[in-house]
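Novice: Protein chains in written order, with numbering that gives the first Met the number 0: chain C, 0 to 267; chain A, 0 to 267.
There are 2 protein chains.
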Amino acid sequence: MVELLVIKIGGNIIDDEAKLSSFLKLFAAIDGPKILVHGGGKLATQMAGKLNIHQKMVDGRRITDAETLKIITMVYAGYINKNIVAKLQSLHCNSIGLCGADGNAILAHKRIHPDIDYGFAGDIDSVNSSFLKTCLSNEMTPVIAPVTADKNGQLLNTNADTIAGEIAKAMSFLYEVELIFTFEKSGVLLDVNDDSSVIKRLDKNYYEQLKHPPSVSEGTKIFAGMIPKLDNAFAALNSGVKQVRIGKAEELDHLITGTKGTLISNEP
Amino acid sequence: MVELLVIKIGGNIIDDEAKLSSFLKLFAAIDGPKILVHGGGKLATQMAGKLNIHQKMVDGRRITDAETLKIITMVYAGYINKNIVAKLQSLHCNSIGLCGADGNAILAHKRIHPDIDYGFAGDIDSVNSSFLKTCLSNEMTPVIAPVTADKNGQLLNTNADTIAGEIAKAMSFLYEVELIFTFEKSGVLLDVNDDSSVIKRLDKNYYEQLKHPPSVSEGTKIFAGMIPKLDNAFAALNSGVKQVRIGKAEELDHLITGTKGTLISNEP
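Listed below in structure tokens is the structure:
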């Protein structure tokens, strides 16, 4: 099977023009089929602030009301997505910006929760792998914004890490998929404040140990923001994805060769 | 050659949810290959107002400064484009939302003018007809936002009528193209205030007569907003487009069959 890289770029990088630019240069230089999934960054929150739209949060999750969804669609699927695509084109990487509605790329449904109404938050039902394959076969790199749609034409706000994981899983029936999560840190860190404390290889047992340390006083070593990303990573490995790596966006080339970042592995 | 419909939908329809919805139902029901080009509507102006971004106008044209371009990209290529695509998907019309940067669909350059700096306004260099054909051959309907890009990755604000005209011309080497401009009026009107005064057939001579009436007191009969659209229409006919029709968005089905609207023709 042909190798396919599914690469997620996080919000903090998107907010930093210089970092984004060096990342995109590295990304454009990758030979072979690849898919980019991008997060949101602070621009949507800033925009909501300027427009006096109050951001509701429940348990650290933003509640996507109609006005927030509008801003997310504008900023993520419009401003950020199209600027990344234009920049990649200038770097001779033929790309195509997509949200879940485009080509029915990602079908989702409004989140169902017994107690909390998350508003227009989408949970993924399916990824249209044959459509993404068509893009790749025509030498186009899909650039995917974290906005999906349900079958009734309702756009939905969807977590970009989850999108990257679901795309990696769906594509693993057609390609040998490597999933790479890039962000502002050098990898999964033992000590959040020490960028040199990168865990080189993280297997399921070690992850469980770090998540549930024997002594409570030690606290949870893995910083909270990493947990959904790592859960996505292990779920991807369990569903046919060949390899998952986590590391710094500006070190993408080293993440691909495996010389930097954290390798997530199902095997000890 | 296979027939292809290139259909432009104007801004005023986009602002009206009910009219947009009936238009999209008619559009989705069309058999065979089709491309939709959409304008902007008032949302970008409203958004600029709320964000206190002053809109500069020269000779009735908006000057696209960096902040205005940001809003246009968000609203046109994000909010409007993705909502149209999601709605079309729910109507079982497999569509894909594009700006000029996506798949290098439309290459443009920043407008060059001896006296006026139009800012980030784009004039079209070329349309990537083979990319659009790839979409159509894969049974995807391109939905195109009025945002293009130059070869250096700079997004540019571009007139939607011009985009529709240029796409129609470029595709006429591959398809038998019919170009349809839809808007809020029933066609090209002899009397702007009388929606029943539709000119059924407008040829070049008649157009020149209406543009330059013999008696000055009569004024220009064709309302000013129509002139760029009609100039685009005649230019398209001169470059291989088979037929151009102008009429009301909610009468799209009748425009296609030729029972309503104005037929623009090079022959008397």
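The beta carbon of each residue, even a glycine, is placed where N, CA and C say it ideally should be.
1. With 8 Å set as the bound, which would you pick, yes or no: does the beta-carbon of C:Cys98 sit closer than that to a beta-carbon of chain A?
2. If contacts are defined as beta-carbon pairs under 8 Å, then C:Leu178 and C:Ala163 qualify, I think. What distance do you get, rounded to the angstrom?
3. Contact criterion: CB-CB distance below 8 Å. Does A:Thr63 meet it with respect to chain C?
4. Give the straight-line distance between the Cα atoms of C:Val84 and A:Gly239, rounded to the nearest whole angstrom.
5. Does the segment 66–77 of chain A touch the segment 115–133 of chain C, meaning 3 or more C-beta pairs lie closer than 8 Å?
6. From what residue to what residue does the beta strand (DSSP E) around C:Leu154 run?
7. Assess, as a yes-or-no matter, whether the segment 178–196 of chain C is touched by the segment 242–262 of chain C under the definition of 3 or more beta carbon pairs within less than 8 Å.
8. What residues in its chain sit with their C-beta under 6 Å from that of A:Lys228, if we drop five residues either side in the sequence?
9. Grab me the residues of C:Phe22's own chain with a C-beta within less than 8 Å of its C-beta, minus the 5 sequence neighbours each way, in chain order.
10. Any C-beta of chain A sitting closer than 8 Å to the C-beta of C:Ala76?
11. Hey, how far is the Cα of C:Thr140 from the Cα of C:Phe233?
12. Name, please, each residue of chain C whose Cβ falls closer than 8 Å to the Cβ of A:Lys33.
13. If you run the structure through DSSP and keep just helix, strand and coil, what is A:Val187?
14. When the Cα atoms are used, what is the spatial distance from C:Ile143 to A:Ile198?
15. Could you say which of A:Lys81, A:Ile105, A:Ala43 and A:Asp101 lies nearest to A:Ala167 if we only look at CA atoms?
16. Look at the alpha carbon of A:Val191 and the alpha carbon of C:Leu35, and state the distance between them as a whole number of angstroms.
17. When we look at the beta-carbon of A:Ile6 and count the other beta-carbons within 10 Å, is it buried (16 or more) or exposed?
18. Identify the continuous beta strand (DSSP E) that holds C:Leu106 and give its terminal residues.
19. Under 8 Å between C-beta atoms, does C:Gln88 make it to chain A?
20. Under 8 Å between beta-carbons, which chain C residues line up against A:Asn93? List them in chain order, please.
21. Starting from C:Leu154, find everything on chain A with Cβ-Cβ shorter than 7 Å and list it in chain order.
22. Near C:Pro280, what residues of its chain come up, given a Cβ to Cβ distance below 8 Å and the 5 sequence neighbours on each side ignored?
23. For a minimum of 4 consecutive residues, which ranges assigned as the alpha helix (DSSP H) are wholly contained in the segment 105–151 of chain A?
24. What residue range does the beta strand (DSSP E) around A:Ser318 cover?
25. What does the Cβ neighbour count give for A:His37, buried or exposed, with the cut at 16 atoms within 10 Å?
26. Check distances from the C-beta atoms of the segment 133–166 of chain A to those of chain C and list, in chain order, the residues that come in under 8 Å.
Specialist: Here's the rundown:
1. Your numbering for residue 98 of chain C matches position 99 in the first sequence. Interface residue, yes.
2. Reading the first sequence from its first residue, position 179 is the one you call residue 178 of chain C. Reading the first sequence from its first residue, position 164 is the one you call residue 163 of chain C. Yes, they are in contact, since the Cβ atoms of C:Leu178 and C:Ala163 sit about 6 Å apart, within 8 Å.
3. In the second sequence, counting from the first residue as 1, residue 63 of chain A sits at position 64. No - not a single Cβ of chain C is within 8 Å of the one on A:Thr63.
4. As a first step, residue 84 of chain C must be located in the first sequence, where it is residue number 85. As a first step, residue 239 of chain A must be located in the second sequence, where it is residue number 240. C:Val84 and A:Gly239 have their C-alpha atoms roughly 31 Å apart.
5. Flag = no, the segment 115–133 of chain C and the segment 66–77 of chain A do not touch.
6. The sequence position of residue 154 of chain C within the first sequence is 155, counting from 1. That run of the beta strand (DSSP E) goes Leu154 to Asn156.
7. yes
8. As a position in the second sequence, residue 228 of chain A is number 229, starting the count at 1. For A:Lys228, same chain residues with a beta-carbon under 6 Å away, outside a window of 5 residues either side, are Asp160 and Phe180 in chain order.
9. For the purposes of this step, residue 22 of chain C is identified with residue 23 of the first sequence, where counting begins at 1. Taken in chain order, the residues that qualify are Ile8, Ile12, Thr181, Ala248, Glu249 and Leu251.
10. For the purposes of this step, residue 76 of chain C is taken as the residue at position 77 of the first sequence. Closer than 8 Å to some Cβ of chain A, the Cβ of C:Ala76 qualifies, so yes.
11. Taking the first residue of the first sequence as 1, we reach residue 140 of chain C at position 141. Taking the first residue of the first sequence as 1, we reach residue 233 of chain C at position 234. Distance between the alpha carbons of C:Thr140 and C:Phe233: 25 Å.
12. As a first step, residue 33 of chain A must be located in the second sequence, where it is residue number 34. Ordered by position in chain C, no residue passes the 8 Å Cβ test against A:Lys33, which lies about 16 Å from the chain.
13. Along the second sequence, one-based indexing puts residue 187 of chain A at 188. Note: A:Val187 maps to coil in three-state DSSP.
14. By 1-based counting over the first sequence, the position of residue 143 of chain C is 144. By 1-based counting over the second sequence, the position of residue 198 of chain A is 199. Distance between the alpha carbons of C:Ile143 and A:Ile198: 45 Å.
15. As a working mapping, residue 167 of chain A is identified with position 168 in the second sequence. Measuring from the Cα of A:Ala167, the nearest candidate turns out to be A:Ile105.
16. Position 192 of the second sequence, counted from the first residue, corresponds to residue 191 of chain A. Position 36 of the first sequence, counted from the first residue, corresponds to residue 35 of chain C. Straight-line Cα distance between these residues: approximately 49 Å.
17. By 1-based counting over the second sequence, the position of residue 6 of chain A is 7. By the beta-carbon neighbour count (other beta carbons within 10 angstroms, threshold 16), A:Ile6 is buried.
18. Taking the first residue of the first sequence as position 1, residue 106 of chain C is located at position 107. Taken as a continuous stretch (DSSP letters only), the beta strand (DSSP E) holding C:Leu106 covers Ile105 to Lys109.
19. Within the first sequence, residue 88 of chain C is the residue found at index 89, counting from 1. By this cut-off, C:Gln88 is an interface position.
20. Along the second sequence, one-based indexing puts residue 93 of chain A at 94. In chain order: Gly102 and Asn103.
21. Start at 1 with the first residue of the first sequence, and residue 154 of chain C comes out as number 155. Within 7 Å Cβ-Cβ: Lys81, Asn82 and Ala85.
22. For residue 280 of chain C there is no data in the structure shown, the boundaries of chain C being 0 and 267.
23. 128–136
24. Here chain A has residues from 0 to 267 only, and residue 318 of chain A is not among them.
25. The residue you call residue 37 of chain A lines up with position 38 of the second sequence. A:His37 is buried by the Cβ-count criterion.
26. Thr133, Asn137, Met139, Val146, Ala148, Lys150, Asn151, Gly152, Gln153 and Leu154
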